[in-house]
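Reading the sequence shown from the start, the letters are residues 20 to 276 in our numbering.
Here a beta-carbon is modelled for each residue, glycine too, at the ideal position from N, C-alpha and C.
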Amino acid sequence: MSYTSILTETHGRVGLVRLNRPQAMNALNRDLLAELCQALADFDADDGIGAIVISGSEKAFAAGADIKAMAEASLVEMVRSSFVELFDGLRRVRKPVVAAVSGYALGGGCEIALACDLVVASETAKFGQPEVTIGVIPGAGGTQRLAHAIGKALAMEMVLNNRTLTAQEALHFGLVNRVTPVERFLDEALAMAAELAGRAPLAVRLGKEMVNKAYELPLNEALEAERRSFYMLFATQDQKEGMKAFIEKRKPEWKGR
Ligand code: CAA
């Protein structure tokens with residue numbers, strides 16, 4: 020598949036998608052988002068891939084939705100374009116997705132990072148929701164996921180007053196998993212993804228689904244879903260293999276079955 024706004028690579032069992040509009044700080048337009056959705060769906064369907072990394076450049080993960088592309092749009096055009104619905108492609112991915120963020124992660128860029136399962140940030144990463152400065156609000160999950168991830172007080176400051184977070188602040192407030200020197204952020208994210216890709220695929224998939232349920236369901240329903248998923252894994256060969264390997268003091272061989 021040839022793309023114009025992203026680059027894709029595979030590193031062993033890890034699929035890497037790089038956002039690639041350097042002339043526009045990786046601003047997210049329809050083409051880029053459609054290509055991202057396609058690449059994610061392809062990696063998700065590929066049995067040879069166990070985890071995915073989304074990255075940008077050292078300078079910019081993504082500076083948000085493409086302001087030039089939507090500046091003159093009417094309400095009807097925006098609704099008909101289903102622009103923000105394109106971000107849902109990320110939510111549909113069942114395999115773990117790691118964001119490798121360096122430089123600007125603003126607006127829709129910050130929202131992509133928030134929708135990933137884990138985030139590795141370079142020391143230069145800068146997270147923000149500056150939409151209010153151009154007369155709008157985050158439209159792709161920012162208000163909701165930020166409030167869940169970092170709490171109301173700081174989310175309000177970011178959404179209403181353009182407060183940005185440095186990588187260290189994002190680590191402190193639980194928005195990212197790890198901060199690395201700029202020259203290491205991608206390798207670190209790829210290593211993290213390789214580790215995930217080496218684990219029991221069905222357990223990883225259900226683990227991801229269940230942690231996300233914490234944001235989607237009332238606690239009693241989420242706990243029931245978790246219990247059912249736990250029991251369900253006893254129908255897999257990987258559960259038998261994992262527990263047998265533990266007892267036999269050897270490394271398990273996962274089948275994804
Ligand atoms: N859309 C379109 N083009 C953008 C862009 C964006 N979001 N961000 C940067 N660019 C373009 C600039 O217009 C510029 O292009 P030209 O050379 O043709 O003028 C080029 O990228 C380089 O950018 P700057 O010259 O501005 O670089 P800088 O280093 O001075 O500043 C920046 C970098 C702080 C990221 C600044 O570009 C900026 O503030 N960008 C906009 C950030 C923003 O408001 N994002 C929110 C978008 S709305 C949104 O995301 C809605 C949603 O929730 C889905």
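Segments assigned alpha helix (DSSP H), at least 4 residues, entirely inside the region 204 to 263: 204 to 216, 220 to 235 and 238 to 251
Through-space distance from V139 to V117, alpha-carbon basis: So the two alpha carbons sit approximately 7 Å from each other.
Beta-bridge pairing of R164 - partner residues as DSSP gives them: R164 pairs with nothing; no bridge assigned.
Bounding residues of the beta strand (DSSP E) (the contiguous stretch that carries E28): I25 to H30
CA-to-CA distance, G261 to E267, given in whole angstroms: C-alpha of E267 to C-alpha of G261: approximately 10 Å in a straight line.
Proximity test, V98 beta-carbon vs ligand 3 heavy atom, cut-off 8 Å: The model on display carries ligand 1 but not ligand 3.
D44: CB within 8 Å of a non-hydrogen atom of ligand 1: Per the sequence presented here, residue 44 reads as Met, with Asp not at that position. Because some heavy atom of ligand 1 lies under 8 Å away, the Cβ of M44 counts as near it: yes.
Cβ separation of P115 and K227, assumed to be a contact under 8 Å, to the nearest whole Å: Confirmed, about 6 Å.
Identified DSSP bridge partners for T185: K145
Beta-carbon proximity check, S74 vs R37, cutoff 9 Å: yes
DSSP three-state assignment for G34, whether helix, strand or coil: strand
Contact check, A70 vs A168, beta carbons under 9 Å: no
Rounded separation between K263 and F253 - CA only: 13 Å
Through-space distance from M89 to D61, alpha-carbon basis: 28 Å
Segment contact flag, the region 129 to 149 with the region 94 to 102, C-beta cutoff 8 Å, min 3 pairs: no
Assumed close pair L105, A43 - CB separation to whole angstroms, cut-off 8 Å: Not really, about 17 Å apart at Cβ, beyond 8 Å.
V223 versus A216 - alpha carbon distance: Their Cα atoms are separated by approximately 9 Å.
Buried versus exposed, by CB contacts within 10 Å (16 or more), R276: With fewer than 16 Cβ atoms within 10 Å of its Cβ, R276 is classed as exposed.
Whole-number beta carbon distance between A144 and A186, since they are thought to touch under 8 Å: A186 to A144, Cβ: 4 Å. Contact.
Contact under 9 Å by Cβ, E142 with V198: yes
C-beta contact flag for E150 and G170 at 9 Å: no
Entirely enclosed alpha helix (DSSP H) segments - the region 38 to 111, minimum 4 residues: 49 to 64, 86 to 89, 94 to 100 and 107 to 110
E202 versus S76, R110 and E214, residue with shortest Cα-Cα distance: S76
Contact test: I281 Cβ vs ligand 1 heavy atom, cutoff 8 Å: There is simply no residue 281 to check, as the chain begins at 20 and stops at 276 in what is shown.
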